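Asks: Residue numbers (full-length UniProt numbering): 1 to 94.
Glycine included, every Cβ here is placed at the ideal spot set by N, Cα and C.
Predicted, not measured: the structure shown is a model, and the values here were computed from it.
The structure follows.
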């Protein structure tokens, strides 16, 4: 059974959400669920990239280009990123 979560939206945000839901012909809850999921995934990816940058510094990669290359290489491995997202969902829920 799916756990119910109450999300309080400001009147302005709620109005915008209703408008978008009408335009896309989806329910408001579906729209909010998708938005929250996207937010959490973004938070996970940001956390993952921060961890990568930290490990890069520990390895002695200080130049921005070297760090960026490491991040890009890891980002090209979608399975790895998905695994990180799945195992670290608790970070997003804090």
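Have a look at residue 17 and residue 29 and give me their C-alpha separation to the nearest angstrom.
Replies: Their Cα atoms are separated by approximately 10 Å.
Asks: If you run the structure through DSSP and keep just helix, strand and coil, what is residue 47?
Replies: Three-state DSSP puts residue 47 in a helix.
Asks: Around the C-beta of residue 44, are 16 or more other C-beta atoms found within 10 angstroms, so that it is buried, or is it exposed?
Replies: It is buried - the Cβ of residue 44 has at least 16 other Cβ atoms within 10 Å.
Asks: Between the Cα of residue 6 and those of 72, 68 and 36, spot the shortest distance and give me the residue it belongs to.
Replies: Among 72, 68 and 36, the Cα nearest to that of residue 6 is on 36.
Asks: Could you tell me the alpha carbon to alpha carbon distance between residue 46 and residue 33, rounded to whole angstroms?
Replies: Going by the C-alpha atoms only, they are around 20 Å apart.
Asks: State the DSSP-derived secondary structure class of residue 65, mapped to helix, strand or coil.
Replies: In this structure, residue 65 counts as helix in the three-state DSSP scheme.
Asks: At the level of alpha carbons, what is the spacing between residue 38 and residue 31?
Replies: Each residue's Cα considered, the two are about 11 Å apart.
Asks: Whose C-beta lies closer than 7 Å to the C-beta of residue 69 among residues of the same chain, with five residues either side of it excluded?
Replies: Cβ neighbours of residue 69 beyond the five flanking positions: none.
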